[in-house]
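Residues 5 to 357 (my numbering) are what the sequence shown spells out, left to right.
See structure below.
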Amino acid sequence: MTKNFGQFTAVRDVDLTVGAGEVVCLLGPSGCGKTTILRMIAGLETPSSGEVFFAGRNVTRLTPEQRNVAMVFQFYALYPSLTVEENLTFPLYAEKLSSAERRSRVADASEILQLSDILGRKPSEIAEGEKQRVAVARAIIRDPSCFLFDEPLSRLDVELRESMRAQIKEVLLGLSKPTVIVTHDQLEALTMADRITIMRDGIIEQIGTPHEVFAQPQNVFVASFIGTPQMNLLGVQLMNSNDAETEFLLDGEPLKISMGSKVSDSLFGDVTLGIRPRAFALQDAASPAAITIKSEIIEPMGAETLIHGRTRSDTEIRVVVPREHRIQSGECLHVIPDSGQVQLFNEQGNAVR
Ligand code: ATP
Numbered sequence: 005m006t007k008n009f010g011q012f013t014a015v016r017d018v019d020l021t022v023g024a025g026e027v028v029c030l031l032g033p034s035g036c037g038k039t040t041i042l043r044m045i046a047g048l049e050t051p052s053s054g055e056v057f058f059a060g061r062n063v064t065r066l067t068p069e070q071r072n073v074a075m076v077f078q079f080y081a082l083y084p085s086l087t088v089e090e091n092l093t094f095p096l097y098a099e100k101l102s103s104a105e106r107r108s109r110v111a112d113a114s115e116i117l118q119l120s121d122i123l124g125r126k127p128s129e130i131a132e133g134e135k136q137r138v139a140v141a142r143a144i145i146r147d148p149s150c151f152l153f154d155e156p157l158s159r160l161d162v163e164l165r166e167s168m169r170a171q172i173k174e175v176l177l178g179l180s181k182p183t184v185i186v187t188h189d190q191l192e193a194l195t196m197a198d199r200i201t202i203m204r205d206g207i208i209e210q211i212g213t214p215h216e217v218f219a220q221p222q223n224v225f226v227a228s229f230i231g232t233p234q235m236n237l238l239g240v241q242l243m244n245s246n247d248a249e250t251e252f253l254l255d256g257e258p259l260k261i262s263m264g265s266k267v268s269d270s271l272f273g274d275v276t277l278g279i280r281p282r283a284f285a286l287q288d289a290a291s292p293a294a295i296t297i298k299s300e301i302i303e304p305m306g307a308e309t310l311i312h313g314r315t316r317s318d319t320e321i322r323v324v325v326p327r328e329h330r331i332q333s334g335e336c337l338h339v340i341p342d343s344g345q346v347q348l349f350n351e352q353g354n355a356v357r
C-alpha cells in the first residue's frame with residue numbers, strides 16, 4: 005500500500021502479511037507512518053494505491069464495521085456512566101445475540117482478563133491497568149477478524165506496562181487472530197511481537213523476528229534503532245583481510261578483528277563497524293585487538309555498568325561491563341570487541357555479513 009496526503013507520501017509501497025495467531029509490531033520513530041498503516045487496515049483511511057486482504061478477501065472498499073476489526077487505542081474511551089459489565093456488553097448489541105449468549109461472552113472475557121471482581125464498578129472507580137484490561141476485554145469479546153492496537157500501553161507506568169505486556173500476549177496467544185500493534189517502545193515490540201516491522205519515513209526498513217532485527221540488522225538505521233544502550237557504529241577504514249584476521253583503521257590506529265573469514269576486497273575503504281555495548285571484554289594492556297578509550301561518564305545500571313568513553317581522537321564508545329569492575333571516570337580502558345558479534349556495514353550503510 006501507498007498513502008499520500010496531498011504531495012506528502014506517508015506510507016510508501018508497504019507489503020506486509022500477518023498470519024492467523026501472529027503478532028506483528030510496527031515500530032519506528034514518530035511520523036514514520038505506523039498509525040496510517042493501522043488505519044488503512046482498519047478501513048479508517050483509504051490507500052492511495054494498493055489493497056488490503058483479510059483471509060484472501062479483498063476488503064479495500066469495505067467500511068470498518070464490515071471489516072469487523074477490533075481496535076484498541078492509546079486513549080481507550082470507556083463510557084464513564086456505564087459499569088465495567090455494561091461497557092463490555094455494549095459492543096455485543098451490534099450482534100444479534102440472546103441475552104444468555106451475551107452474559108456468557110462477558111463472563112468469558114472477564115475471566116481471561118481478571119475483571120470478574122470489578123464488573124459492577126464505573127470507570128472512575130477502577131485503576132489505570134484495570135481500565136486497560138477492560139479496553140482489551142471489549143476488543144476480544146466480539147470475535148473480530150483481527151486485532152489492531154495503537155500504542156495500547158503508553159499511558160501506563162513502567163511496572164504495569166510490564167505485567168500488561170505479558171497478559172495481553174497471553175490473551176492473544178489463545179485467540180489465533182492476526183494482530184498488529186503500533187508502538188514507539190522497542191521493549192514492547194521485542195517482548196510482544198512474533199515479528200517486528202521497523203519503519204522509517206513511510207517505508208519498511210526490515211521485517212524480522214525480535215532476534216533477527218537485534219542480531220542481524222539489515223542496515224545502520226535498524227542497528228541504531230534496536231537495542232539499548234544503542235549499538236556503537238564506528239566509521240573505520242577496511243585495510244586488509246584474510247581468513248584469520250581483518251585489519252581496520254579506527255581514528256588512524258590499527259584495529260584487528262577476526263571476522264570469521266576473509267572480507268571481500270570490494271569493501272576496502274570506508275565501512276561502518278557495529279558493536280553492541282555488551283559485546284566488549286576488558287583487557288589489561290593496549291594491543292591491536294583492543295580499542296583504547298578514556299572513560300568519561302559512568303552509569304550504574306544495577307548488575308551492570310554503562311561506560312561512556314572516548315578514543316584519543318574523540319570517537320564516542322559505549323561499553324557495558326559487569327558491576328564488579330569498579331571503573332572510575334577518567335580511567336583508561338582497553339576493550340576488545342567479541343569478534344562473533346561484530347557487524348559490518350558498507351559505505352551505503354547496508355549490512356554486508
Ligand atoms: P506517531 O508515532 O507519532 O503516532 P506514526 O508513525 O504513527 O507517528 P502517522 O500518524 O502514520 O505516523 O503519520 C505519518 C505521517 O503522515 C506524519 O508525517 C503525519 O504528519 C502525516 N499525516 C498523518 N495523517 C495525516 C493527514 N490526515 N493529513 C496529512 N498528513 C497526515
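Beta carbons: idealized from backbone N, C-alpha and C, even for Gly.
This one's a predicted model, so the numbers in the text were calculated from it and none came from an experiment.
The ligand ATP and residue i: does any heavy atom of the ligand fall closer than 8 Å to the residue's C-beta?
| i | result |
| --- | --- |
| Lys260 | no |
| Val15 | yes |
| Phe9 | yes |
| Val186 | yes |
| Thr40 | yes |
| Ser34 | yes |
| Phe12 | yes |
| Ser216 | A small fix is needed here, since residue 216 is Glu in this sequence, not Ser. Glu216 Cβ: outside cutoff for every heavy atom of the ligand ATP. |
| Glu257 | no |
| Glu328 | no |
| Glu166 | no |
| Glu90 | no |
| Glu155 | yes |
| Gly206 | yes |
| Gly37 | yes |
Mind checking whether residue i and residue j have CB atoms under 9 Å apart?
| i | j | result |
| --- | --- | --- |
| Leu176 | Thr183 | yes |
| Glu257 | Lys298 | no |
| Thr315 | Ile340 | no |
| Gly206 | Val346 | no |
| Val240 | Leu254 | yes |
| Met75 | Leu42 | yes |
| Val110 | Leu96 | yes |
| Arg165 | Glu192 | yes |
| Asn236 | Leu271 | no |
| Arg142 | Phe94 | yes |
Tell me, please, which residues DSSP counts as bridged to residue i.
| i | result |
| --- | --- |
| Cys29 | Ile185 and Ile200 |
| Leu310 | Glu303 and Val324 |
| His338 | Gln287 and Thr296 |
| Gly372 | Nothing about residue 372 can be reported from this structure: the residues present for the chain run from 5 to 357 only. |
| Pro258 | Leu253 |
| Cys150 | Val73 |
| Phe225 | Note: Phe225 sits in no beta bridge, so no partner. |
query = Would you say the stretch 109-126 touches the stretch 37-45, given that touching needs at least three Cβ pairs under 8 Å?
reply = No, because fewer than three Cβ pairs between the stretch 109-126 and the stretch 37-45 fall closer than 8 Å, the two stretches do not touch.
ask   = How do the stretch 125-141 and the stretch 79-90 stand: do at least 3 beta-carbon pairs fall below 8 Å, yes or no?
value = Counting Cβ pairs under 8 Å, three or more are found: they touch.
task = Would you be able to state if there are at least three C-beta pairs under 8 Å between the stretch 286-304 and the stretch 315-333?
result = These segments touch.
ask   = Does the stretch 241-253 come close enough to the stretch 262-274 to have 3 or more Cβ pairs within less than 8 Å?
value = The stretch 241-253, when compared against the stretch 262-274, does touch it at the 8 Å Cβ threshold.
query = Does the count of Cβ pairs from the stretch 84-104 and the stretch 43-57 closer than 8 Å reach three?
reply = The stretch 84-104 is not in contact with the stretch 43-57.
request  = Specify whether the stretch 11-30 and the stretch 203-212 touch according to this definition: at least 3 beta carbon pairs, one from each stretch, less than 8 Å apart.
outcome  = Yes, the stretch 11-30 touches the stretch 203-212.
task = Taking only runs that begin and end inside the stretch 40-128, name each unbroken alpha helix (DSSP H) of 4 or more residues, in chain order.
result = Positions of the alpha helix (DSSP H) runs, each at least 4 residues long and wholly inside the stretch 40-128, are given as 68-71, 88-93 and 103-116 in order along the chain.
query = Three or more C-beta pairs closer than 8 Å, one from the stretch 154-174 and one from the stretch 136-145: is that the case here?
reply = By the criterion of at least three beta-carbon pairs nearer than 8 Å, the stretch 154-174 is in contact with the stretch 136-145.
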